[in-house]
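Numbering (numbering that gives the first Met the number 0), first residue to last: 0 to 411.
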Amino acid sequence: MTASPEARWEEQVQRAAHPVAYPALRSARNRPVVRVPRIGVVVSDADIAREVLLDLDHFSKVGPGAPSDLWTPVLGPSVLLNMEGAEHAALRRALGPLFSPRAVRELVAADDDDRTGALPELTRRLAAGETVDLAAAVTAQAGAVICTMVGLPPTDDAVRSAMTAARTITGMVRLHRHGLTRTQVARARSVLERLTAPARAAYRAGDPATVPGRMRDLGLSEREAMGAVGAFVLTGTETIQSFVPRLVAIAHDTGWTGRLLADDARLRRRAVEEGLRVTVPTPAMLRSVRADTSVGGVPVSAGDRVVIATVNCCRASGGFDPDRPVDPAVRHLWFGAGPHFCLGMPLAMAQVDVVLDALAAASTDGRVPVVGRRRAARGVLVPAYRSLELGLRDTSGVPVRVPALSPPRAAS
């Protein structure tokens, strides 16, 4: 059966990011649980995946093959990514106020003060009939948020430097490796130290107008605050860079662009959630087995690595279709479950909304954005487009300065 255009492009984006691990994970998609050499015990069933995520007695983010192997050498021991139990719960409660509706609105406020102005410029250029690179615009917007979090004024140079630094670190991570090499750890720590130096200064100054200053007011130690800033910068920014261009591309390929950008909050939210299910911003989640048990009938021993193939669990429902009823087992699974459910989800959703608002503001007089040339990114942790060109098309179907679409080859 011939794959749909959005499925072919998504396959290309995934394979460009993880040419080894992605095919290995997808090869296990028809088996609920299976051992895959060099990868671990792979779970491809949403119900079983949720059971693992909620079973804190047998599975942990700390231990052999877990996220702690990747992130503790770089970020230190006190970040949500590599904590469990009471300490994890306490740090999560302390950080909670930073992700209140008001707090996230302030972080992603439209570029009307001292920010880079990436989104207003996106709206202006699109409305003027120009072709724009959505991937670049979203990267600049995410970079401005990074700068705000680490206490830097988001100038163009600061944004580029922050994004380059974050990508340098996340680009080292590969799903088929259990950790970073000593050389990679040393390089990552050096890059992160430079990136978070302003955050450390802001924390010590105690300025409540900065995120690190607010962390100090909330009672976080300097080590906890720096670890949290590093974790949010590294894990949050690539998610936004990845998701919005892929969502817009899928909407274009499936004829959903007009409805995605319509003045209908319920319809947009449903389309965004369906886009998250199809793109799966966290293609895999790692857990270490704490005590002998079984996963979907497959025996596992303490120290085994469990890989929840979120990409298999979520895509089992089929292609992009916001009209399809939501499967409760899959709902929000890409953000985790239980005490480790993504704390930064409100910030991610707020960032998605401001970009879609910018596109909607340009879509006047019946014109909608259409996708032109696009290229998948390589050497990234979260699959993404390196570039995605957009222009407006009026209701008569006449393109307005949009490059011709070059479809990928069908996946083998």
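Here a beta-carbon is modelled for each residue, glycine too, at the ideal position from N, C-alpha and C. Bear in mind that the values here come from a model prediction, so they are computed numbers and not experimental data.
Decide if residue 84 is buried, meaning its Cβ has at least 16 other Cβ atoms within 10 Å, or exposed. Residue 84 sits at position 85 when you count from the first residue of the sequence shown. Residue 84 comes out exposed.
Buried or exposed for residue 59, please, with buried defined as at least 16 other CB atoms from any protein chain shown within 10 angstroms of its CB. For the purposes of this step, residue 59 is identified with residue 60 of the sequence shown, where counting begins at 1. Per the 10 Å Cβ criterion, buried.
Between residue 107 and chain B, is the shortest Cβ-Cβ distance under 8 Å, so that the two count as touching? Reference to chain B is not applicable here, since this structure consists of a single protein chain.
Could you spell out the range, first to last residue, of the alpha helix (DSSP H) harbouring residue 344? On the sequence shown, position 345 is the one that residue 344 refers to. Looking at the DSSP string, the run of the alpha helix (DSSP H) that includes residue 344 is 344-361.
With burial defined as no fewer than 16 other Cβ atoms inside 10 Å of the residue's Cβ, what is the status of residue 347: buried or exposed? Locating residue 347 in the sequence shown gives position 348, where the first residue counts as 1. Residue 347 should be labelled buried.
Looking only at its own chain, which residues have a Cβ that is under 7 Å from the Cβ of residue 157, when we skip the five neighbours before and after it? Translated into the one-based positions of the sequence shown, residue 157 becomes position 158. Hits under 7 Å: 146, 151.
Proximity of residue 33 and residue 294 at Cβ, strictly below 8 Å: What you label residue 33 is simply residue 34 of the sequence shown in a count that begins at 1. What you label residue 294 is simply residue 295 of the sequence shown in a count that begins at 1. Contact: no.
Name the DSSP beta bridge partners of residue 292, please? Looking up residue 292 in the sequence shown gives position 293. Beta-bridge pairing links residue 292 to 299.
Quick check: the stretch 181-197 against the stretch 126-133, are there 3 or more CB pairs under 8 Å? no
Three-state secondary structure (DSSP) at residue 132? Within the sequence shown, numbered from 1, the residue matching residue 132 stands at position 133. Residue 132 falls in the strand class under three-state DSSP.
Whose CA, out of 360, 226, 104, 125, lies closest to the CA of residue 262? Position 263 of the sequence shown, counted from the start, is the residue given in the question as residue 262. Closest by alpha carbon: 360.
Integer Cβ distance of residue 371 from residue 390, believed to fall under 8 Å: In the sequence shown, the residue the question calls residue 371 occupies position 372. In the sequence shown, the residue the question calls residue 390 occupies position 391. With a Cβ gap of about 6 Å, residue 371 and residue 390 count as contacting.
Report the rounded CA-to-CA distance for residue 353 versus residue 333, giving the unit in angstroms. The count along the sequence shown starts at 1 and reaches residue 353 at position 354. The count along the sequence shown starts at 1 and reaches residue 333 at position 334. Going from the Cα of residue 353 to the Cα of residue 333 covers about 21 Å.
Given this structure, state the Cα-to-Cα distance separating residue 112 from residue 225, to the nearest angstrom. Here residue 112 corresponds to residue number 113 of the sequence shown, with the count starting at 1. Here residue 225 corresponds to residue number 226 of the sequence shown, with the count starting at 1. Unreliable positioning characterises residue 112 in this predicted model, as indicated by a pLDDT of 48, which lies under 50. The coordinate reading is nonetheless provided below. Their backbone Cα atoms lie some 26 Å apart in a straight line.
Taking DSSP as the reference, what is the three-state secondary structure of residue 386? The residue given as residue 386 occupies position 387 in the sequence shown. Strand, per DSSP.
With DSSP collapsed to three states, give me the class of residue 220. Along the sequence shown, read from residue 1 onward, the residue named residue 220 stands at position 221. Three-state result, residue 220: coil.
DSSP puts residue 59 in a beta bridge; with which residues? Here residue 59 refers to the residue found at position 60 when the sequence shown is read from its first residue. DSSP, once it has assigned bridges, lists 287 as partnering residue 59.
Where residue 255 and residue 267 are concerned, what is the direct C-alpha to C-alpha distance, given to the nearest angstrom? Taking the sequence shown and counting its residues from 1, one reaches residue 255 at position 256. Taking the sequence shown and counting its residues from 1, one reaches residue 267 at position 268. Using only the alpha carbons, I get a separation of about 10 Å.
Apply the 10 Å Cβ neighbour rule to residue 81 and answer buried if 16 or more other Cβ atoms are within range, or exposed otherwise. As a working note, residue 81 is residue 82 in the sequence shown. The residue is buried, with at least 16 neighbouring Cβ atoms inside 10 Å.
Name the residue from 302, 66, 216, 17 whose alpha carbon lies nearest to the alpha carbon of residue 93. Against the sequence shown, residue 93 aligns to sequence position 94. Here the closest residue by C-alpha is 216.
Mind the definition here: the stretch 44-62 touches the stretch 273-292 only if three or more C-beta pairs lie below 8 Å; say whether that holds. yes
State the Cα-Cα distance for the pair residue 52 and residue 358, rounded to the nearest angstrom. Counted from its first residue, the sequence shown places residue 52 at position 53. Counted from its first residue, the sequence shown places residue 358 at position 359. Whole-angstrom Cα-Cα distance: 36 Å.
With DSSP collapsed to three states, give me the class of residue 318. Residue mapping note: residue 318 aligns to position 319 of the sequence shown, counting from 1. Three-state result, residue 318: coil.
I'd like to know whether the C-beta atoms of residue 277 and residue 318 end up nearer to each other than 8 Å. Here residue 277 is taken as the residue at index 278 of the sequence shown, counted from 1. Here residue 318 is taken as the residue at index 319 of the sequence shown, counted from 1. In contact: residue 277 and residue 318 (Cβ atoms closer than 8 Å).
By the three-class DSSP mapping on this structure, what secondary structure does residue 5 have? Taking the sequence shown and counting its residues from 1, one reaches residue 5 at position 6. In the structure shown, residue 5 sits in a helix (DSSP, three-state: H, G or I).
Straight-line gap, residue 247 to residue 298 (C-alpha atoms, nearest Å): Along the sequence shown, read from residue 1 onward, the residue named residue 247 stands at position 248. Along the sequence shown, read from residue 1 onward, the residue named residue 298 stands at position 299. In a straight line, the C-alpha of residue 247 is about 42 Å away from that of residue 298.
So what does DSSP say about residue 249, is it helix, strand or coil? Taking the first residue of the sequence shown as position 1, residue 249 is located at position 250. DSSP places residue 249 in helix when its eight states are reduced to three.
Residue 270 - containing alpha helix (DSSP H), residue span: Within the sequence shown, numbered from 1, the residue matching residue 270 stands at position 271. 264-278 is the extent of the alpha helix (DSSP H) around residue 270.
Presumed contact (8 Å Cβ cut-off) between residue 376 and residue 15, rounded CB distance: In the sequence shown, residue 376 corresponds to position 377, counting from 1. In the sequence shown, residue 15 corresponds to position 16, counting from 1. That belief holds up - the Cβ atoms of residue 376 and residue 15 are roughly 6 Å apart, short of 8 Å.
With a cut-off of 8 Å, do at least 3 Cβ pairs link the stretch 296-311 to the stretch 270-287? yes
Skipping 5 residues on each side, what residues in its chain have a beta carbon closer than 8 Å to that of residue 230? Locating residue 230 in the sequence shown gives position 231, where the first residue counts as 1. Correct list, in chain order: 70, 74, 78, 79, 80.
Is DSSP giving residue 179 helix, strand or coil here? As a working note, residue 179 is residue 180 in the sequence shown. Note: residue 179 maps to coil in three-state DSSP.
Thinking C-beta only, is residue 135 closer than 8 Å to residue 386? Counting from one through the sequence shown, the residue named residue 386 turns up at place 387. Counting from one through the sequence shown, the residue named residue 135 turns up at place 136. The answer is yes: Cβ separation under 8 Å.
Look at the alpha carbon of residue 269 and the alpha carbon of residue 37, and state the distance between them as a whole number of angstroms. For the purposes of this step, residue 269 is taken as the residue at position 270 of the sequence shown. For the purposes of this step, residue 37 is taken as the residue at position 38 of the sequence shown. Approximately 37 Å between the Cα atoms of the pair.
Taking 8 Å as the threshold (C-beta atoms), are residue 367 and residue 241 in contact? Here residue 241 refers to the residue found at position 242 when the sequence shown is read from its first residue. Here residue 367 refers to the residue found at position 368 when the sequence shown is read from its first residue. Contact: no.
Residue from 5, 17, 126, 338 whose Cα sits closest to the Cα of residue 392: As a first step, residue 392 is located in the sequence shown; it is residue number 393 there, counting from the start. Residue 126 is the option with its Cα nearest to residue 392.
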